[in-house]
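Heads up: the sequence lines are chains R and C, in that order.
Just so you know, we're using our numbering here: the first sequence kicks off at 117 and counts up by one.
Just so you know, we're using our numbering here: the second sequence kicks off at -13 and counts up by one.
Below is one structure, written out as structure tokens, with a few remarks after it.
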Amino acid sequence: MADLSIDFCGVKSPNPFWLASAPPANSGFQVNKAFEAGWGGAVWKTIGAPVLNVSNRYGAWHYNGQRMLAINNVELISDRPLEVNLREIAEVKRNWPGRAVIVSAMVESTPEAWRDIIHKIEDTGADAIELNYGCPHGMSERGMGAAVGQVPEYCEQITRWVMEAAKIPIIVKLTPNVASVVPPAHAAVRAGANALSLINTINSICGVDLDTFEISPNIGGKGGHGGYAGPAVKPVALNMLSSLGTDAAIKIPISGMGGISTWKDAAEFLLLGATSLQVCTAVMHYGFRIIEDLCDGLSNWMDAKGFKTIPELVGKSLTRISDFKDLDLSFRAVARIDEAKCIKCNMCYVACNDTAHQCIDLIRDGALVEPYSYEVSSNGRQEAVGMRPQPKVREDDCVGCRLCYNICPVDDCIRMVELPPLRPAITWDQLSSENRIVTEDWEAMKQYREKMGIHIH
Amino acid sequence: MHDRLAEHYPPLTRHEALVEADRCIYCYDAPCTHACPTHIDIPKFIKKIATDNVSGSARAIFDSNLMGATCARVCPVQELCEGACVLNSEHKPIMIGRLQRYAMDHAYSTGQLPFQASVSKTSSVAVVGAGPAGLSCAGELARRGYPVTVYEKRSLAGGLSTYGIIGLREPVPVALAEAGLIERLGVKLATGQELGSNLKWDDLRKRHDAVFLAVGLGATPDLGIPGEEQILDGLQYIEQSKVDSNGGPRIGRHVVVIGAGNTAIDCATIAKRLGAETVTMVYRRTDHEMTAYPHEYDFIKKEGVEFRFLTQPTAVNIVDGQVTGLTCQRIMLGTADQSGRPTPIAIAGSEFVLDADQIVKAIGQKKPSLAAQIGIATDQGYIRVTKQLETSVPGVYAGGDAIRARGAASTVMAVQDGKLAAQAIDAHLESKHG
Chain R
117 MADLSIDFCG VKSPNPFWLA SAPPANSGFQ VNKAFEAGWG GAVWKTIGAP
167 VLNVSNRYGA WHYNGQRMLA INNVELISDR PLEVNLREIA EVKRNWPGRA
217 VIVSAMVEST PEAWRDIIHK IEDTGADAIE LNYGCPHGMS ERGMGAAVGQ
267 VPEYCEQITR WVMEAAKIPI IVKLTPNVAS VVPPAHAAVR AGANALSLIN
317 TINSICGVDL DTFEISPNIG GKGGHGGYAG PAVKPVALNM LSSLGTDAAI
367 KIPISGMGGI STWKDAAEFL LLGATSLQVC TAVMHYGFRI IEDLCDGLSN
417 WMDAKGFKTI PELVGKSLTR ISDFKDLDLS FRAVARIDEA KCIKCNMCYV
467 ACNDTAHQCI DLIRDGALVE PYSYEVSSNG RQEAVGMRPQ PKVREDDCVG
517 CRLCYNICPV DDCIRMVELP PLRPAITWDQ LSSENRIVTE DWEAMKQYRE
567 KMGIHIH
Chain C
-13 MHDRLAEHYP PLTRHEALVE ADRCIYCYDA PCTHACPTHI DIPKFIKKIA
37 TDNVSGSARA IFDSNLMGAT CARVCPVQEL CEGACVLNSE HKPIMIGRLQ
87 RYAMDHAYST GQLPFQASVS KTSSVAVVGA GPAGLSCAGE LARRGYPVTV
137 YEKRSLAGGL STYGIIGLRE PVPVALAEAG LIERLGVKLA TGQELGSNLK
187 WDDLRKRHDA VFLAVGLGAT PDLGIPGEEQ ILDGLQYIEQ SKVDSNGGPR
237 IGRHVVVIGA GNTAIDCATI AKRLGAETVT MVYRRTDHEM TAYPHEYDFI
287 KKEGVEFRFL TQPTAVNIVD GQVTGLTCQR IMLGTADQSG RPTPIAIAGS
337 EFVLDADQIV KAIGQKKPSL AAQIGIATDQ GYIRVTKQLE TSVPGVYAGG
387 DAIRARGAAS TVMAVQDGKL AAQAIDAHLE SKHG
């Protein structure tokens, strides 16, 4: 059985799964309960400046009957008294010495305020501190949270204050509400941070009530942007994670989060460079019990793939991340439909025909069939099923866009099949250095395509 | 109506409907739409349910089928839309019928009309018969701006939907509301008007520019066995269970139902649910040849009804004017006859008696007698029509059961007949009057 334990900048955890700094990690009661369920660690909900909360706090995005593909919130940092939080943190750490207890902090932007909170947290015996530079609502209006994370200079300055005061590891949590997370990450590295974590929540408005025209959630007739999280944000998080993982200047460990709901999500974050993983929305949806399959599924997958420890797989897919200019333009894949599995819903046909490259045909008895071409007198199950044409890909015309593959409702029915390249391998970067005019002039491009036999459909 | 004959399926809750609608893949050129005789754009109406546009969903159904509330309940969906659903690949087709009912229930609860009708044509059309074919045709003609009068011999409109389909599949108020909808589209409904009796064919022809005959079929045919006068007509049995003010049909303790079609199943269900101790269905062929749909057969077996296949009645046993049993003989199946089904051959000396105090027959319906009265051509006893549903008399059209020698899905086929006939009548009158 795989060893799931991690060492994250000196913080040890029996598995890589931590509660993210959020409502599930708001109290000793909750963190204790989570540790009983098996969570490897918890990042305590941010403590620091005094706040008051509002209701309603959470919006959500549901889609096609699936609840909460994303949640959004306008909840602030912990509204419980600082000394209560500190006392409970100390109790939890004392009771669970083998689990990672990290405390998220956010105070006003003065060296004194930061020094004070760092010392108070260190007195609890906590393993590390996460600097919340990401909260996108409320706190940012007061010059904290994302207001810091969005400006690399502030990020660097505050991190320096903290590093001067801190004896335990410091994790800088980054906001995704920036054009690139790399500059603030560099700022944290320059200031000496021990680790990074991302992503915090994304600015969002979840919806408008079509009866009252109020923003959802409604707070006394008003509403505003809140932090967006949950399964829907995972691809955004993976991109930001990999942008740090592929950056040569960033050598400190990264705690990844943003939509992790299953062990599969977890494995992807690890493969793209996360060493520890934080979870919030999935826990808010299903409770602490999900830790069991997060660990069990990850462990079984690691066994199946021959990984014995987490570090063996951390960042393993980062070498696969590439800029567009370095992709092989000669690589060729086409869609192929497994007719034995095809249920003839024609979803691939309409997608390809309306919005892609018109290279899927409907075929019956070897002949092309137009949709809706049956007689008005034709009806009944047998005729409808018996006359149903088969979608077929004209592979010579298929550009390999993969839209049909993505749409097909049947697992493994459409496969993207790699075909031998028709031309020597070349990247856009190579092309623009070897044959620059082709990349700048349409007439030259035309001649190049004719020479290379590239047909645009 | 008796509680035990109340509608079998409850309406879908909003949540059930949304879950089911979201499950629909939204096939393009969908096989369910092809399979529906009226070609309702099914993925369209289902996705409108999913987006909470239920009135739009109902409109999408009405665009193809004005009898959507009846069809949602009585269509043999396993043989039609649901049978063609691509999700049969996973043995869980979408519940199209029940989703259609969800949209129709919404339309009827809000009073939504399929379209805003107004008379814009001068030619008028008579429809004879207020069953599904007649009402469909009348509504479709109203859509095109024609003044239409529907003549119905019974006191209630709806035809077999009102009188002939067991209430647990379609309650009477559903059928009457549907007729009411057609009236709200401006169609005149004249009940108690029987062609050849108080309604004269010549008068009708003079009064109207075109006629659509949707007269259905007749009573249950004779078996030609001694004591037949003691056998109850299955359609009357169902009718009494639906609209009888005397509390429904008298139910025997030991009931035998002759026949194995869907009407026979309805009769057996009524007998069993209203108190018969035993109900036995007698059919001269086997379950392979029976005309009841497989899902109906499954249903009635669960009701606890017994089947006697390869059994042919030969006489009704009567003692002191009371039915005591049905004498039957055993049958073996021979080679295929004209209908393609094996010929039943009686086995000599195989007579036996089924104890019964009530016998009901449901072995089809007599062919329409009207055709001969008004002088239009027939085909095997059914009204002969062209592909455009025109009879041998120009300007006179026909549809529904009266033109269909034998067929599955008769309600929805009748609705489609009405729709197609309306199109043909419109073209005919336009060409005549310009």
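Heads up, the beta-carbon is just placed ideally off N, CA and C, and yes, glycines get one too.
Computed from a predicted structure; not experimentally measured.
query = Using a C-beta cutoff of 9 Å, does residue 499 of chain R count as contacting chain C?
reply = Yes - at least one Cβ of chain C is within 9 Å of the one on residue 499 of chain R.
query = Does DSSP put residue 276 of chain R in a helix, a strand or coil?
reply = Helix.
inquiry  = Just checking: is the beta-carbon of residue 25 of chain C within a distance shorter than 9 Å of some beta-carbon in chain R?
reply    = Closer than 9 Å to some Cβ of chain R, the Cβ of residue 25 of chain C qualifies, so yes.
inquiry  = Between residue 16 of chain C and chain R, is the shortest Cβ-Cβ distance under 9 Å, so that the two count as touching?
reply    = yes
inquiry  = Could you check whether residue 200 of chain C and residue 115 of chain C sit closer than 9 Å to each other, using their CB atoms as the reference points?
reply    = yes
query = Roughly how many angstroms lie between the CA atoms of residue 377 of chain C and residue 152 of chain C, to the nearest whole one?
reply = Residue 377 of chain C and residue 152 of chain C: Cα-Cα distance of roughly 32 Å.
ask   = Going by the CB atoms, is the gap between residue 453 of chain R and residue 525 of chain R shorter than 9 Å?
value = no
ask   = Is the Cβ-Cβ distance between residue 112 of chain C and residue 193 of chain C less than 9 Å?
value = Between residue 112 of chain C and residue 193 of chain C, the CB-CB gap stays under 9 Å.
task = Measure from the alpha carbon of residue 246 of chain C to the alpha carbon of each residue in C/231, C/222, C/350, C/156, then state which is nearest.
result = C/350
key: alpha helix (DSSP H) segment containing residue 463 of chain R, residue limits   = 463 to 471
key: Interface residues of chain C facing residue 494 of chain R [CB-CB closer than 8 Å]   = 20
ask   = Taking the C-alpha atoms as reference points, what is the distance between residue 345 of chain C and residue 141 of chain C?
value = Looking at the two C-alpha atoms, the distance is approximately 28 Å.
query = At a Cβ threshold of 9 Å, is residue 64 of chain C touching chain R?
reply = yes
Local Cβ density within 10 Å of residue 246 of chain R, reported as buried at 16 or more and exposed below that = buried
inquiry  = Let me check one thing: in DSSP terms, what residues is residue 568 of chain R bridge-paired to?
reply    = In the DSSP assignment, no residue is bridged to residue 568 of chain R.
message = Looking only at its chain, what residues have a beta carbon closer than 7 Å to the beta carbon of residue 467 of chain R, apart from the 5 residues adjacent to it on each side?
response = Within the same chain, residue 467 of chain R has close Cβ partners 519, 520, 523.
request  = Would you list, in chain order, the members of the segment 70 to 99 of chain C that have their beta-carbon closer than 8 Å to a beta-carbon of chain R?
outcome  = 70, 72, 73, 75
task = Can you tell me which of the three DSSP states residue 282 of chain R falls into?
result = coil
task = Taking residue 11 of chain C as the query, report the chain R residues whose CB atoms sit under 9 Å from its CB, ordered along the chain.
result = 459, 461, 463, 525
query = Counting pairs of beta carbons, one from the segment 248 to 260 of chain C and one from the segment 278 to 288 of chain C, are three or more of them closer than 8 Å?
reply = Two segments are said to touch when three or more pairs of C-beta atoms, one from each, lie closer than 8 Å; by this definition the segment 248 to 260 of chain C touches the segment 278 to 288 of chain C.
ask   = Any beta-carbon of chain R closer than 9 Å to the one on residue 421 of chain C?
value = Because chain C is modelled from -13 through 420, residue 421 of chain C falls outside the range shown and cannot be assessed.
ask   = Looking only at C-alpha atoms, which of C/412, C/185, C/156 sits nearest to residue -5 of chain C?
value = C/156
message = Considering Cα atoms alone, identify which of C/48, C/75, C/16 is closest to residue 456 of chain R.
response = Considering only alpha carbons, the answer is C/75.
inquiry  = Cβ closer than 7 Å: which chain R residues qualify as neighbours of residue 8 of chain C?
reply    = 180, 181
inquiry  = For residue 344 of chain C, would you say it is in contact with chain R, using Cβ-to-Cβ distances shorter than 9 Å as the test?
reply    = For residue 344 of chain C, no Cβ of chain R is located within less than 9 Å of the residue's own Cβ.
ask   = Is it true that the CB of residue 66 of chain C sits closer than 9 Å to the CB of residue 401 of chain C?
value = no
request  = Give the interface partners of residue 480 of chain R over in chain C, defined as CB-CB distance under 7 Å, in chain order.
outcome  = Under the 7 Å cutoff, chain C gives no residues; its nearest Cβ is about 12 Å from residue 480 of chain R.
ask   = Are residue 137 of chain C and residue 179 of chain C touching if we call contact CB-CB under 9 Å?
value = yes
query = Given that residue 401 of chain C touches chain R, what residues does it touch there, using C-beta distances under 9 Å?
reply = Per Cβ cutoff of 9 Å: no residues; residue 401 of chain C is ~12 Å from chain R at best.
key: Exposed unless 16 or more other CB atoms sit within 10 angstroms - verdict on residue 380 of chain C   = exposed
inquiry  = Is residue 503 of chain R close to chain C? Criterion is C-beta to C-beta, closer than 9 Å.
reply    = yes
ask   = Is DSSP giving residue 358 of chain C helix, strand or coil here?
value = Here residue 358 of chain C sits in helix by DSSP.
The segment 357 to 372 of chain C touching the segment 322 to 338 of chain C, judged by at least three CB pairs closer than 8 Å = no
ask   = Excluding sequence positions up to five away, which residues of its chain have a Cβ less than 6 Å from the Cβ of residue 322 of chain C?
value = 328
ask   = Do you know offhand how far residue 151 of chain R's Cα is from residue 217 of chain R's?
value = 10 Å
ask   = Just checking, does the segment 367 to 384 of chain R make contact with the segment 319 to 331 of chain R on the three C-beta pairs under 8 Å criterion?
value = no
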